[in-house]
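This report concerns only the one structure given below.
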Amino acid sequence: MTEPLIELRDLRKSYGTVLAVGGVNLQVNKGEVVGLIGDNGAGKSTLVKMLAGAITPTSGEILVRGKPVAGWNAAKSRAAGIETVFQDRALAVQQTIARNIFMGREITTFGGLLNLGRQRSEALHLMREIGFTSNAVTPDTVVGQLSGGERQGVAIARAIYYNADLIVLDEPTTALSLTETEKVFSFIRTLRAGGRSILFIGHNIHHVFDIAERFLIMDRGRIALAVTKAQAGSARRLIALMEEVAHSGENTPPVELAARLKGVQ
Amino acid sequence: MNKRTPDGFNANHGLIRRFIQLNRAAIGTFGFFIVMMLLFFCGNPHVFSDWRIYYSVLTVLPVAIFLVVPLVFIVTVGEIDLSFPSVMAFAAWIFALGVQAGYPPAAAILAGVAVGLALGSAIGLIVVYGEFSSLVATLGLGFLIRGAIMIATGGRSIAATGIAKDPTLRLLSSSPGGFPVQMIWAAVFVAVSVILYNRHRFGARVHCVGDNPESARQMGIDPRLVRVGTFVFMGFGAGLAGIFSTIINFTWWPTAGDSYLLPTLAAVFVGGTPTWGGVGTVLGGTIGAAIVSFTQVGIVAAGLDGFYVQFFNGLIIILSLIGHRWNQIRYR
Ligand SMILES: Nc1ncnc2c1ncn2[C@@H]1O[C@H](COP(=O)(O)OP(=O)(O)OP(=O)(O)O)[C@@H](O)[C@H]1O
Ligand SMILES: [Mg+2]
């Protein structure tokens, strides 16, 4: 067994009477790509936000390299080596690309003064890497002037800048063209080759199947089923499995689901 | 190390373009100011070629600047403050009492500034952590503070005649050779604030929080701390404004600051800071303060009745709003 990088234990989040995430146990190991899938409103983004420290869990525990972390928040999440591309991209659209990339983690010289020159050059370097080839777009370009895909690029660039151990991507390829999606995927492959772990969320099961080696199917706030690529066999069967999960009762044990899976070709 | 990139990213034209991009609103406001002054000049060349008209405006302009600049921060972060005139009066009151009681002026100044900071922090904490609308909460708190001053003083003013003779205080406000030195202090204040706003972590976070507080939070910024920070800065500015106003007038009035409320708000927006937060300009706000101050004096000097002042003030606000429309593209 490889070392678990991040472990969630019985993580819950409720909004009033709505139970968005209801007791999730999950483990991401070093260097693996995990696909998190499930219907709209299943609780995927809520889980991601808790992992990123953007929202506080109602209960549950988060362990980093086997050790529980108290007072989990955004700063601790980042310190633990987790970078997140949020579903809403978390961009300040009236600000420049450079300011967005360094939002909350500005490069400073002394007394909190910004090192604008370095922020700019680092941002430019990142933009080149992520595939901004147009000279019209500089680190000083206001994010609001970018296309949807370009904005996504900025959010992804921000996440890869910090050499994180775990990169969480919440639907990073929605609104992207085919070539841009391929760009994101080749990035993920590079990151994986570099030993990073990735938690990938997506609705295009074919994509998720391609990129991930383990899948977590989320349904109504819990992880209903966890399968490896070998167990699932094909994207088709993974989709069939998701349907099974969605149509089964809330408390269908995973064993039974797995049994039903055998019938799917 | 200064890497040059193929697209000439670090070349000079890039620097100039960046300067314009960063200061668009301020440049527009400055243009507006120049045109306005030219019109005044044509209206009465005799008065406007006399230094005294500029002297009378520059004497009190620093007070407006100490208020406008922090208010730009508050508006940028997505809040508003209507309590600063009362904070200004309260801080100045403590200062005046200190001078009257014969304390060293430096101590009185420190006490006044400390009171401004304390009130600013209290207001910020109440508004932000109470999750109140800053518009309503600061309106209420402003009345509350002003009311407390009125009750405590019985509406009586303090004539701090010692100010005129005190060498330390002359250093803050006097006019050797006909130039009001308080303008130098105001200029220093603006310069430091421009750096804080554009080239400091605090300013960057003020922008991000005002732009999209949820994103800022997801990126590990505590929007509440940043918001409170802007109110603390406002308290500091209001404290300075109150102290300077008392030194300039040799007198403290319990109504001190009241007449600054609307002109200061006007100056922020005339200066090119939009109402919706996330962007703004400290330099523009400063020029906006000059525009508002010069209209008040200029209308009368140009030979018009004092009754025209408000009319022209309104005209200038509307015209500048129309002017800024081209500069203020709101991205969503
Ligand atoms: N701030 C909130 N307040 C109240 N309910 C919320 C809040 N955020 C999420 N929810 C609820 O929690 C549930 C899970 O939402 P979440 O965004 O995690 O789903 P998701 O799996 O990411 O869906 P999608 O695939 O559409 O992005 C939904 O029913 C949603 O209505
Ligand atoms: Mg989601």
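Taken in sequence, the protein lines are chains A and B. Note that this note's numbering has the first sequence beginning at 14, numbered continuously upward. Note that this note's numbering has the second sequence beginning at 47, numbered continuously upward. Backbone N, C-alpha and C define an ideal beta-carbon position, used for all residues, glycine too.
Residue burial classification, residue 184 of chain B (beta-carbon count within 10 angstroms, cutoff 16) = Counting Cβ neighbours within 10 Å, residue 184 of chain B comes out buried, since at least 16 surround it.
So who's on the other strand from residue 213 of chain A, going by DSSP bridges?
-> Checking the DSSP bridge columns, you'll see residue 213 of chain A partnered with A/48 and A/182.
Around the Cβ of residue 176 of chain A, are there at least 16 other Cβ atoms within 10 angstroms (buried) or fewer (exposed)?
-> Flag for residue 176 of chain A reads exposed.
Span of the alpha helix (DSSP H), counted from its first residue to its last, around residue 45 of chain B | Here chain B comprises residues numbered 47 to 378, so residue 45 of chain B is not present and cannot be evaluated.
Extent of the continuous beta strand (DSSP E) to which residue 232 of chain A belongs | In the DSSP annotation of this structure, the continuous segment of the beta strand (DSSP E) that includes residue 232 of chain A starts and ends at 227-232.
How is the alpha helix (DSSP H) around residue 116 of chain B delimited, first residue to last?
-> First-last of the alpha helix (DSSP H) with residue 116 of chain B: 97-122.
Segment contact, 8 Å Cβ cut-off, at least three pairs: the stretch 292-309 of chain B with the stretch 205-212 of chain B = The stretch 205-212 of chain B and the stretch 292-309 of chain B touch, with three or more beta-carbon pairs separated by less than 8 Å.
Cβ of residue 57 of chain B within 8 Å of any chain A Cβ | Residue confidence is low: residue 57 of chain B scores 49 on pLDDT, short of 50, so the model does not pin down where it sits. No coordinate-derived value is stated.
Alpha helix (DSSP H) runs contained entirely in the stretch 79-151 of chain A, provided each spans 4 or more residues | Whole alpha helix (DSSP H) segments, 4+ residues: 87-92, 110-114 and 129-143.
With a cut-off of 8 Å, does the C-beta of residue 146 of chain A fall near any C-beta of chain B?
-> Closer than 8 Å to the CB of residue 146 of chain A there is not a single CB belonging to chain B.
Hey, does residue 157 of chain A have any beta-carbon neighbour from chain B nearer than 8 Å?
-> Closer than 8 Å to some Cβ of chain B, the Cβ of residue 157 of chain A qualifies, so yes.
Under a three-way DSSP split, which group does residue 395 of chain B fall into?
-> Given a span of 47 to 378 for chain B in the structure shown, any question on residue 395 of chain B remains unanswerable.
Compare the C-alpha of residue 287 of chain A against each of A/260, A/23, A/143 and A/122 and name the closest.
-> With chain A covering only 14 through 278, there is no way to say anything about residue 287 of chain A.
Measuring CA to CA, which of A/131, A/168 and A/124 is closest to residue 145 of chain A?
-> Measuring from the Cα of residue 145 of chain A, the nearest candidate turns out to be A/168.
Name the chain B residues whose beta carbon is nearer than 7 Å to that of residue 153 of chain A?
-> Neighbours of residue 153 of chain A in chain B, taken as residues at a C-beta separation under 7 Å, are given in chain order as 64 and 67.
Between the beta-carbon of residue 42 of chain A and the beta-carbon of residue 16 of chain A, is there less than 8 Å?
-> The answer is yes: Cβ separation under 8 Å.
Quick one: list the residues of chain B neighbouring residue 181 of chain A, beta-carbon separation under 7 Å, in chain order.
-> Listed along chain B, no residue sits closer than 7 Å to residue 181 of chain A by beta-carbon distance, the nearest being about 12 Å off.
Which one or two residues does DSSP pair with residue 188 of chain A in a beta bridge?
-> The partner list for residue 188 of chain A (beta bridge, DSSP) is empty, contrary to what the question assumes.
By how many angstroms is the C-alpha of residue 152 of chain A removed from the C-alpha of residue 56 of chain B?
-> At residue 56 of chain B, the pLDDT of 49 sits below 50, so the modelled position is not reliable and the matter cannot be decided from this model.
Within the 8 Å Cβ cut-off, does residue 370 of chain B reach chain A?
-> Output row for residue 370 of chain B: interface = no.
Using 8 Å as the limit for Cβ to Cβ distance, is residue 247 of chain B near chain A?
-> Closer than 8 Å: yes.
For ligand 1, list every residue whose C-beta falls under 6 Å from any of its heavy atoms, going in chain order.
-> In chain order, the hits are A/28, A/31, A/33, A/51, A/53, A/54, A/55, A/56, A/57, A/58, A/59 and A/100.
C-alpha distance - residue 27 of chain A paired with residue 71 of chain A, whole-angstrom precision = Computed Cα separation, rounded: 6 Å.
C-alpha gap between residue 190 of chain A and residue 164 of chain A, whole angstroms | About 13 Å.
Taking residue 231 of chain B and residue 108 of chain B to be in contact with their CB atoms under 8 Å, please state how far apart those CB atoms are, rounded to whole angstroms.
-> Here residue 231 of chain B really is in contact with residue 108 of chain B; their C-beta atoms are around 6 Å apart, less than 8 Å.
Can you check whether the CB of residue 64 of chain A is closer than 8 Å to the CB of residue 9 of chain A?
-> No answer is possible for residue 9 of chain A: the residues shown for chain A start at 14 and end at 278.
Rounded separation between residue 333 of chain B and residue 150 of chain B - CA only = Spanning the two alpha carbons is a distance of roughly 34 Å.
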